[in-house]
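Sequence order for the protein chains is A and B.
Under our numbering, the first residue of the first sequence is numbered 1, with each subsequent residue one higher.
Under our numbering, the first residue of the second sequence is numbered 1, with each subsequent residue one higher.
Yeah, the Cβ is synthetic: ideal placement off N, Cα and C, and Gly gets one too.
A short worksheet on the structure shown next.
Number of protein chains: 2
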Amino acid sequence: MRSSCLIVALVLCSQVIVAQSQKTDWESLLRSIPSPERQREYMQRLSARPHHVGSAYDKDNAQWLLSTFKQWGLNARIESFDVLFPTPKERAVELLEPKKFTATLEEPRVIVDITSGQRAEQLPTYNAYSIDGDVAASLVYVNYGIPEDYEQLERMGISVKGCIVIARYGGSWRGIKPKVAAEKGAIGCIIYSDPKEDGYYHGDVFPDGPWRPKDGVQRGSVMDTPMYPGDPLTPGVGATADAKRIPLKEAKTITKIPVLPISYADAQPLLAQLAGPVAPENWRGVLPMTYKIGPGPAKVHLKVKSNWDTKTIHDVIVTIPGSEYPDEWVIRGNHHDAWVNGAEDPISGLVAQMEELRALSELLKKGWKPKRTIVYCAWDGEEEGLLGSTEWAETHAAELKQKAVLYINSDGNGRGFLGVEGSHSLEHFINGVARDIEDPEKKISVWKRSQLQRISTARTPDDRNEARTRADLHIGALGSGSDYTVFLDFLGIASLNMGYGGEDGGGIYHSIYDDFYWFTHFSDTDFAYGRTLAQTGGTAVFRFADADILPYDFTDFNETMHHYVDDLKRQLKAMQDQTKERNKEIAEGVFSATDDPKHPLVAPATEEVPPYINFAPLDNALDALSRSSEHYDKAAKRISHTIVPLSPEIVKAVNGKLILTERMLTHADGLPGRPWFKHLIYAPGAYTGYGVKTIPGVREAIELKRWKEAETEIIRVAAALQNEASTIESAARDLDAQPTK
Amino acid sequence: MRSSCLIVALVLCSQVIVAQSQKTDWESLLRSIPSPERQREYMQRLSARPHHVGSAYDKDNAQWLLSTFKQWGLNARIESFDVLFPTPKERAVELLEPKKFTATLEEPRVIVDITSGQRAEQLPTYNAYSIDGDVAASLVYVNYGIPEDYEQLERMGISVKGCIVIARYGGSWRGIKPKVAAEKGAIGCIIYSDPKEDGYYHGDVFPDGPWRPKDGVQRGSVMDTPMYPGDPLTPGVGATADAKRIPLKEAKTITKIPVLPISYADAQPLLAQLAGPVAPENWRGVLPMTYKIGPGPAKVHLKVKSNWDTKTIHDVIVTIPGSEYPDEWVIRGNHHDAWVNGAEDPISGLVAQMEELRALSELLKKGWKPKRTIVYCAWDGEEEGLLGSTEWAETHAAELKQKAVLYINSDGNGRGFLGVEGSHSLEHFINGVARDIEDPEKKISVWKRSQLQRISTARTPDDRNEARTRADLHIGALGSGSDYTVFLDFLGIASLNMGYGGEDGGGIYHSIYDDFYWFTHFSDTDFAYGRTLAQTGGTAVFRFADADILPYDFTDFNETMHHYVDDLKRQLKAMQDQTKERNKEIAEGVFSATDDPKHPLVAPATEEVPPYINFAPLDNALDALSRSSEHYDKAAKRISHTIVPLSPEIVKAVNGKLILTERMLTHADGLPGRPWFKHLIYAPGAYTGYGVKTIPGVREAIELKRWKEAETEIIRVAAALQNEASTIESAARDLDAQPTK
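So this is what it looks like as structure tokens:
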């Protein structure tokens with residue numbers, strides 16, 4: 001026990017040279033193991049056939065993963081759940097007037113790309129969890145179909161009531177488009193891929209290049225995951241065989257109107273038959289035509305009918321028991337299911353995770369024993385609505401809340417720069433990892449490369465200066481869109497999401513062309529960054545599993561919370577200023593004077609200026625947080641310079657408190673209107689879907705002008721941060737008791 | 001003499017109610033006369049056939065204008081000059097490799113638009129003053145072909161040496177494109193109209209809408225007018241019959257390489273055969289293809305051969321002699337020649353000017369006698385290189401320098417907001433005019449409408465606040481691109497350029513479709529703004545001609561000069577900061593770290609940081625200018641409140657000095673490297689062409705990193721501003737001598 005304590009203290013303190021060699025040994029070994037060639041082989045095997053939820057190859061992959069992990073000497077199992085998963089029975093998009101045109105709704109095979117021809121096994125192009133519907137109506141182009149686009153339509157005096165909308169992909173997560181359209185009275189929604197977003201505008205199209213060809217379609221779920229992800233019939237509980245299920249018609253996450261995705265080859269004939277005002281400049285794509293809004297004269301028929309079946313999903317779970325703190329779990333996950341062959345999404349991330357796991361298994365064989373329990377997960381059903389991770393975590397919620405100290409996610413990988421988002425108590429930790437990982441192209445650390453990129457892209461001299469001088473690089477906050485969601489937002493487990501990218505683009509997302517041919521021609525073709533991701537994830541897991549004191553840090557967290565609160569204040573101020581200014585301009589006659597009578601707009605109406613609201617509870621909580629995080633930082637630094645063994649009692653007491661720090665940021669009641677989302681600091685926006693809203697209860701209340709709710713939410717968040725501060729303070733005091741001489 | 005002095009004092013002082021009725025009578029009458037219907041008739045007549053320089057209808061129009069003006073009882077004459085005007089004999093653009101394609105180089109007739117079918121009389125599509133050439137080479141896409149585009153090419157490691165470049169229209173005046181291309185070693189230049197600039201991207205194309213159809217071509221001159229405008233063979237002197245002419249090969253304003261304009265229907269097959277890197281995002285148009293840069297594999301043949309003929313141009317000049325100050329001339333001009341039928345450019349402006357002149361002729365018939373001489377001009381040969389105005393003004397240079405007090409230009413007109421650029425000593429004056437002109441759509445003053453638009457489009461709260469509170473709206477500075485150039489830049493005559501626009505777009509500029517059909521379907525179709533322009537121009541001429549003290553003002557001028565000098569300092573500071581920052585990033589390894597090895601860029605080299613330079617002479621001159629302009633303002637305000645008749649001696653003395661104030665801003669040696677441009681405050685940029693460079697000697701020296709030249713130029717400009725200040729001060733002292741009791 002003593003000696004291990006000593007090692008832990010040293011792991012915590014990279015300055016202490018005497019023991020660094022020992023740490024470095026394991027880590028260096030770990031990072032030397034991941035092999036690009038093996039990742040290539042795994043990818044070829046895993047993406048050889050379509051492997052969506054319910055498909056034969058999805059199950060086959062799960063079993064292959066299981067047996068592979070077992071071959072590596074690991075304790076692996078499959079956990080299965082039964083989930084609602086609609087697949088299309090009938091699909092139609094037809095132009096009825098003023099011309100006839102029937103959309104093909106098909107992606108053709110490409111000769112050089114063999115797997116693109118596996119038609120019998122491919123899921124058709126569709127948006128999963130669209131409600132069934134059969135509608136015909138005038139068409140309206142709504143740009144991205146996000147709330148601000150409807151504000152623009154209002155200025156132009158155009159309503160979508162009773163119409164079918166056509167939106168281009170982009171600007172938000174796709175599920176927002178039918179959601180907002182339905183709220184605005186539309187009866188159907190078509191989503192298409194404009195070549196401006198991921199087609200010829202950017203480069204050669206597949207198979208000559210990586211970009212989306214004219215018939216390429218982006219499949220994807222439109223389940224209302226910002227309400228709750230996972231099986232629509234078992235909100236908040238695992239979709240086990242015996243789970244109580246709600247009736248389909250009560251499931252809130254199915255769309256209210258039918259929706260289908262189409263290619264631009266199918267979209268152009270529809271868009272070309274729109275009249276009405278010319279779309280504003282930032283609404284225009286690059287199809288060779290004038291983008292107009294309608295409504296009509298294009299009249300469109302849209303039909304979607306699905307088999308509303310229950311399918312079984314297969315999560316593959318590996319457990320490496322901890323030797324000293326077996327009840328503290330470090331969890332690592334990447335999904336294995338895809339929309340079709342999914343070489344990039346998700347296999348490129350999964351194969352890195354596999355090599356990471358194989359590396360750990362090699363370490364185990366060589367005698368390494370992680371102090372904490374490590375859990376590696378290959379999730380099923382991510383694409384449809386984070387099904388595998390959500391149902392697993394809901395099933396094991398009680399145990400996870402007690403034991404999980406970290407969840408690290410990845411989901412696809414590419415060539416370029418390290419991207420990390422996550423809980424800000426982990427910002428310092430992951431910066432430390434990134435400093436020790438070598439970029440395969442530049443032979444400098446991925447941290448350094450990322451820092452230099454931030455210097456290069458900084459918008460202001462202040463940002464640039466910060467990129468140069470701040471000890472840690474900022475990490476972004478987590479919204480949604482991958483399997484960390486349930487861990488962070490439902491359970492309050494500190495989480496990270498990571499991957500490399502930024503150097504290659506592409507337009508095969510969720511199409512039949514996201515396959516081995518595409519990936520090995522146009523992305524991380526030599527899997528150099530696959531190896532780097534395995535090194536990054538492996539090092540992070542290794543360090544977190546073997547640290548004695550959990551390596552959370554609260555100074556970056558505290559600074560970030562200050563930024564978020566400043567942001568909220570700025571946002572309110574900006575809304576006040578904008579409203580005052582607009583009201584003034586209305587009174588001055590600015591809108592009528594600048595309105596072109598040939599293209600008239602509806603002038604906005606005078607609005608009440610947003611009131612001042614009480615931020616004092618948050619300010620007080622931030623003060624407490626500043627004090628406690630500084631205290632904890634000082635306490636942690638003090639013991640990091642000692643070689644006196646850590647007291648096991650102190651370690652236990654401190655970790656017992658640290659493990660609560662992310663949980664403290666949740667509230668059992670969840671966010672207003674969406675109780676599944678329990679984290680008070682991070683959540684996907686109700687109207688962004690993937691995009692994060694920080695301090696979401698307050699921020700969304702302000703955005704929606706619910707002033708009373710904003711103040712109530714401020715009190716809830718402030719209380720959480722006060723508790724957080726007390727817990728940190730208490731952990732700091734425990735650390736102060738550790739002797740250093 | 002006395003009574004007239006009294007009236008003048010009153011004209012100067014709009015607050016004095018007793019005589020305002022008399023002023024208002026004439027002005028109201030003046031503004032009541034211009035007729036939209038007549039403008040429509042004039043336009044139909046003037047644009048009935050192609051009327052470019054040297055064409056039968058160009059001369060016919062001049063003679064019709066002459067007889068019309070004479071019918072109105074005016075003293076009119078034609079002044080003719082003989083100028084070099086090349087017209088195409090042979091033109092070819094062919095794709096030789098990897099496919100064959102021959103550009104049509106033709107604009108087809110449009111059935112509903114009768115004049116578009118007048119092929120026999122139409123000038124072919126070409127760029128006038130392109131040198132003859134017959135070249136074949138690899139093609140390179142250079143975006144707009146402006147200097148910063150070549151910086152980007154350098155970063156990409158691409159040279160245009162020995163290549164033919166293809167540039168899209170836009171980003172600068174067209175003549176800059178072959179000029180820079182030649183400097184960079186290209187051997188030919190093709191310019192095309194991308195639909196992003198003025199085609200289907202913006203709306204329906206002609207004849208369904210106002211925008212450029214696929215075969216539409218923008219003709220235009222590529223004469224190097226920033227070197228000197230006018231006849232290339234007679235720089236600085238009038239191209240009279242007996243003028244001494246330089247040999248063609250010595251003419252510096254002919255392009256160095258052959259150049260032709262083409263439609264996008266002709267451009268797309270060429271662009272589609274370019275390989276190499278994908279064009280940066282801001283280089284891409286909206287043709288349905290991936291924009292790549294080359295060079296090649298497209299190999300192109302370009303041939304241009306012209307008839308280098310001398311043609312006679314016909315300026316129509318009307319003189320209304322002044323009754324009190326006949327040797328002070330108010331000049332008003334708009335050109336009458338066009339590239340083809342030219343309904344918008346220039347006839348829409350010319351017909352307004354005609355109605356303005358007819359209104360003045362009506363006033364004359366009713367007994368009004370302008371105090372100053374008024375000269376109305378309908379210029380020929382503007383399109384080719386400001387030929388008519390330049391040769392006329394060069395011919396009459398001595399007299400004009402002595403007598404001209406104002407030149408007001410227009411050149412086309414449309415629907416919307418008043419646009420004015422000009423000498424800032426006229427800013428206050430023209431604001432006063434704009435306050436008294438009614439906007440036909442909004443029934444508020446055009447000044448008010450313009451102010452409200454500025455509030456609406458202000459980028460910062462400070463700009464918005466200024467738009468709300470500044471007594472006068474800022475006017476822009478004059479670059480080049482129309483007939484004011486010789487008056488302002490060569491002779492130092494205070495000038496204004498004005499027109500309405502902003503509500504209708506179009507893509508018929510310099511094509512056969514700029515005709516009566518287009519204008520009467522898609523622009524100021526009821527000539528309401530034609531009437532408004534006539535009212536604006538007429539009121540300005542009337543007030544300037546009848547004021548006793550010339551209505552210059554120097555407070556706005558002084559403020560603007562301060563802005564310009566601040567701008568120069570900011571620009572130098574920005575260059576210093578950017579160079580320091582870039583050098584630092586090079587040293588840090590930012591460029592190598594962020595470079596994608598699959599798409600490598602050439603890292604920039606370390607550069608010397610721009611030195612601090614001595615702005616003190618300018619600061620001292622500005623101080624003097626502040627004092628004198630304040631003094632003059634106070635002096636002018638003092639006498640504006642008196643009813644004591646102005647002393648004729650004082651008026652004479654003051655005006656004698658005021659007339660010099662714009663001349664003082666010129667220098668006989670002109671700008672560095674382009675002696676024709678004599679104004680030290682305003683000039684078209686040597687590498688912008690139309691776009692203005694204020695304090696051009698200093699600004700361009702800084703831009704070109706000629707630090708010594710910048711300091712020399714500062715001294716020249718400072719001396720001019722010191723002289724200006726002394727002259728203003730002296731005029732103010734003269735005014736101080738006027739008794740007010």
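How is residue i classed by DSSP in three states: helix, strand or coil?
| i | result |
| --- | --- |
| S21(A) | In this prediction, S21(A) has a pLDDT of 44, which is less than 50 and means its spatial position is unreliable; what the coordinates show is noted afterwards. S21(A) falls in the helix class under three-state DSSP. |
| W392(B) | helix |
| F615(A) | coil |
| R459(A) | coil |
| F554(B) | coil |
| A710(A) | helix |
| P269(B) | helix |
| S138(A) | strand |
| H335(A) | strand |
| D734(A) | helix |
| P297(B) | strand |
| A378(B) | strand |
Residue i: buried (16+ other C-beta within 10 angstroms of its C-beta) or exposed?
| i | result |
| --- | --- |
| T102(B) | exposed |
| L98(A) | In the sequence as displayed, the identity of residue 98(A) is Pro instead of Leu. Classification of P98(A): exposed, given that the 10 Å Cβ count is below 16. |
| H641(A) | exposed |
| V112(B) | exposed |
| S263(B) | buried |
| P235(A) | buried |
| A683(A) | buried |
| Q578(A) | exposed |
| N465(A) | exposed |
| S21(A) | Any reading at S21(A) is ruled out, since the residue's pLDDT is 44, under 50, leaving its predicted position unreliable. |
Residue i and residue j look like a contact to me (Cβ under 8 angstroms); what is the Cβ gap, rounded to whole Å?
| i | j | result |
| --- | --- | --- |
| W72(B) | R531(B) | Their Cβ separation, rounded to whole angstroms, is 17 angstroms, which puts W72(B) and R531(B) out of contact at 8 angstroms. |
| P258(B) | G188(B) | 5 angstroms |
| L95(B) | V304(B) | The pair is not a contact, with the Cβ atoms about 17 angstroms apart (cut-off 8 angstroms). |
| A710(B) | L680(B) | About 13 angstroms; that fails the 8 angstroms criterion. |
Smallest Cα separation from residue i: which of the options?
| i | options | result |
| --- | --- | --- |
| W308(A) | A243(A), W379(A), P232(A) | P232(A) |
| S647(B) | W707(B), E713(B), D548(B), Q722(B) | D548(B) |
| E789(A) | R372(A), D345(A), L302(A) | Not covered by the structure: residue 789(A). The range shown for chain A is 1 to 741. |
| E649(A) | L665(A), L618(A), D736(A) | D736(A) |
| K256(A) | R332(A), K179(A), K196(A), P277(A) | K179(A) |
So which residues of chain D does residue i contact, with C-beta pairs closer than 9 angstroms?
| i | result |
| --- | --- |
| R449(B) | No chain D appears in this structure, whose protein chains are A and B. |
With a floor of 4 residues, list each alpha helix (DSSP H) that falls wholly inside the region 146–207 of chain A, ordered by position along the chain. 147–155, 176–183, 195–198
Segments assigned alpha helix (DSSP H), at least 4 residues, entirely inside the region 495–534 of chain A: Listed in chain order, the alpha helix (DSSP H) runs fully inside the region 495–534 of chain A are 516–522, counting runs of at least 4 residues.
Runs of 4 residues minimum, wholly inside the region 417–446 of chain A: which ones carry the alpha helix (DSSP H) assignment? Complete alpha helix (DSSP H) runs here, min 4: 427–435.
Mind pulling the alpha helix (DSSP H) runs of 4 or more residues that sit fully within the region 643–717 of chain B? 648–663, 696–703
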